[in-house]
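For the sequence shown, position 518 matches number 517 in numbering that gives the first Met the number 0, and the numbering has no gaps at all.
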Amino acid sequence: MYRCKHSSFKWAVFILVLMIKQQQSVISSSLEVQVNVDKPLRNFKHFWRSTGFCPPQPHTDAHLYDLSPDQQMNLALIGSVPHRGIQQVRIHWMLELVSARVYDGEYHYNFTHLDQLIDLLWQNGLQPGFELMGSVSNTFTNFEDKRQVTEWRNLVYLIAKRYIWKYGLSFVSQWDFETWNEPNNHDFDNITVSIQGFLNYYDACSEGLRAASPVLKFGGPGDSCHSPPRSPYCWEMLQHCYNGTNYFTGETGVRLDYIALHKKGGGSSLPILQQEVATVREIQQRFLQFRSVPIINDEADPLVGWNKPLTWRADVTYAAMVVKVISQHQNLLIADQNSTVNYTLLSNDNAFLSYHPHPFTQRTLTARFQINNTNPPHVQLLRKPVLTVMGLLALLGETQVQAQVLTDSSEVNSSVGVLATVHVPQVPYTADSWQTTVLLYNSRDNQTSSAADIINLHLTGIPQRMGLMYVTHYMDNNVTNPFKLWESMGSPDYPTAQQFTQLRSQEDPQTDGPLPVPSDGSLTLKTVLPVPSVLLIHICAQSKEKPNQVNGVCFITVTKGQVMIIWKDHCIGTKCIKTYEVEFSKDENIFQRINNRDTIFTYFTYSPESLEVRGYYRVRAVDYWGRNGEYSVTEKYSENQS
């Protein structure tokens, strides 16, 4: 991982195109959206940058899924969300990647597969949500056995110490170490885990991590925590942390760095937040000292059942719903000064790999096609709108500013929402610059409708800055919908290379600009937002410096004559990026741009008709003012590498 009132003709054409695309829509209402850029409200944290998945059974073979070429490509796409738009991947059964043998009463561990997974995440700029979950290839069987509990503490210590040594404490201290997933479901495989055994296990995890470093975070229970007498593991764990006896130290109370809940929406958005608030209120009433403990919902999906095929999961309906859930949490919960909920993370559990015959319609970020009519067979992944929208969310800033949606009668409309932020650079005279971002959505949860709303957007209070430009990114089911195009092709099981190129042309939002911002400090735009849709407006002042260098160029072989080029944006120093230019040369002399469409994601799948992909590649960033950053280091690709 690398450290380091507008009358524009182009905008008028953009609006005309939207109007034409929505000509069959029924106009539901006319809404005023008012954004006051110069009225800051509060800090704005990107609390949604997490996803997760679970390997299939048998869990002892988790490495076959976690480390498969399919998952390597999936994690590369997840890591390609710009500006670390997804940081964490929470993975079940990670300790099944560890094997053990006992010689003369001593445990000897093999961490090879776990090392490979952690390194795969690290290479893609990601980090694990580390559930301390798994039997270690059936090595552990009973957490009421004192010897096994003591050895579990040692195992956790060895794991934490191992990765601190390899990656540094500054990286590992960012990880959320977590208890066994949903203990009330009794999904412990071959381990006997009574409630007392679970408490022993909790203390062993806590003390093992503490021995490695006291700054490592640990929490749980990763459960729905329904009201008693249901969910006994949850409530007994909380009681134990509150005033129970630590198995190892004998002290009263055990550390609880965060409380992890699972609250899903039942097909809707608002019930997620409502259930969270109700459960946290119950926890805080029972345990007063937990009122300040951070709350996370690391399975906050709109609906249970990741593999249930549903059309709305395939298109912008799901993407807009994710934005709506985030907006509700920011505007209804985090912004509430009377709330006692210290909300810090919302994660969708949607990094699974879809399977035939449902490449698009399961709860995934990508659409997987297992192409078995080639020799050898290979896999193709497409970016779904729900992953694309994570890239738009990444353009938001760090300070929320005043924004409101009004109908003609000045009443809030529940299907249209807005988030508006400002970014102020911390270091002057760099590639960074002042920015404001407005994110609008129109969502009726999992419903797709012919309805649309006319939006009159008014931004005021834009400061006088040099070279102000704005870009719009727009998504609806007409312009960002690979699934719809795939269906129009006859839903082929094995799309051709040409068809995949066409499908990838539908992955990105419709982008317009950069366009100059009026000099009077205001911007007025009029558009039509159908149900569902997402519109982002990104305004940037011109920075003193051009973008910094792209780095980390590497490759994943897709199949013969097709390669995925991946790079890192961690050091470019600005979010005001119009596109990345990917260039190719057979002989490292004459380079030619090969990605004809602009993109802010940090990968490109090259699939030329000639099948000639062996050669040299380089990438550079281009900002809103047409300034080119320095090219990356040129990297050579040959088809026997990946």
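For every residue, glycine included, the Cβ atom is placed at its ideal position computed from N, Cα and C. Bear in mind the structure is a predicted one, so any value in this text is a computation, not a measurement.
- Per the DSSP secondary-structure output, Asp69 pairs with nothing in a beta bridge.
- Secondary structure of Gly51 (DSSP, three-state): strand.
- When the Cα atoms are used, Ile599 and Pro301 turn out to be separated by approximately 27 Å.
- A check of alpha carbon separations from Ala393 across Pro494, Cys575, Met236 identifies Cys575 as the nearest.
- In this structure, Val549 sits away from Ile564, with a CB-CB distance that is not shorter than 8 Å.
- Following the DSSP letters along the chain, one finds Met389 inside the alpha helix (DSSP H) bounded by residues 384 to 392.
- Contact between Val253 and Asp202 is confirmed by a C-beta separation of about 6 Å, below the 8 Å threshold.
- Shortest Cα-Cα distance from Asn455 to any of Tyr493, Pro481, Asp475, Leu528 involves Leu528.
- In the displayed model, Ile163 falls within a helix according to three-state DSSP.
- A straight line joining the alpha-carbon of Ala259 with that of Tyr102 spans about 37 Å.
- Restricting attention to alpha helix (DSSP H) runs no shorter than 4 residues, the segment 197 to 284 encloses them at 231 to 242, ordered along the chain.
- Just measuring C-alpha positions, the residue of Arg596, Cys570, Gly572, Asp586 sitting nearest Thr578 is Arg596.
- Excluding the 5 residues flanking it on each side, Leu380 has same chain C-beta neighbours closer than 8 Å at Asp69, Met72, Asn73, Leu76, Thr365, Ala366, Arg367, Phe368, in chain order.
- Per the coordinates, the alpha-carbon of Leu168 lies some 40 Å from the alpha-carbon of Val612.
- By the criterion of a C-beta distance shorter than 7 Å, Trp311 is surrounded in its chain by Tyr317, Asn445, Thr447, once the five residues flanking it on both sides are discounted.
- By the Cβ rule, the segment 423 to 431 does not count as touching the segment 517 to 531, because fewer than three pairs are nearer than 8 Å.
- Phe43 and Val97 have their alpha carbons spaced roughly 39 Å apart.
- Between the alpha carbons of Thr191 and Phe351 lies a gap of roughly 28 Å.
- The beta carbons of Pro308 and Thr363 sit no closer together than 8 Å.
- Cα atoms of Asn627 and Asn137: separation of roughly 55 Å, rounded to the nearest angstrom.
- Between Pro515 and the set Ile536, Gly560, Val276, Tyr200, the nearest pair of CA atoms involves Ile536.
- Look at the beta carbons and you see the segment 278 to 297 touching the segment 226 to 245: at least three pairs across the two are nearer than 8 Å.
- Around the CB of His328, 16 or more other CB atoms lie within 10 Å, so the residue is classed as buried.
- Around the beta carbon of Ser631, 16 or more other beta carbons sit within 10 angstroms, so the residue counts as buried.
- Here the segment 530 to 545 does not lie against the segment 46 to 65, with fewer than 3 beta-carbon pairs under 8 Å apart.
- For the 8 Å CB-CB criterion, Lys216 and Asp175 form a contact.
- Secondary structure remark: continuous beta strand (DSSP E) runs of at least 3 residues inside the segment 67 to 129, in chain order: 87 to 90, 98 to 102, 105 to 109.
- Pairwise C-beta distances place the segment 454 to 472 out of contact with the segment 491 to 502, as fewer than three of them are shorter than 8 Å.
- Between Thr500 and Ser606, the CB-CB gap stays under 8 Å.
- In terms of Cα proximity to Ser226, the closest of Ala277, Asp507, Gln115, Val404 is Ala277.
- In this structure Thr339 does not touch Pro293 by the C-beta definition: roughly 12 Å separates them, more than the 8 Å allowed.
- Ranking Cys240, Gln238, Leu331 by CA distance to the CA of Leu272 puts Leu331 first.
- The beta strand (DSSP E) runs lying completely inside the segment 297 to 367 and spanning 3 residues or more are 342 to 345, given in chain order.
- Taking the CA atoms as reference points, Val385 sits about 15 Å from Val530.
- Residue range 496 to 503 is occupied by the alpha helix (DSSP H) that includes Ala496.
- Residue environment analysis places Thr50 among the buried positions, since at least 16 neighbouring C-beta atoms fall within 10 angstroms of its C-beta.
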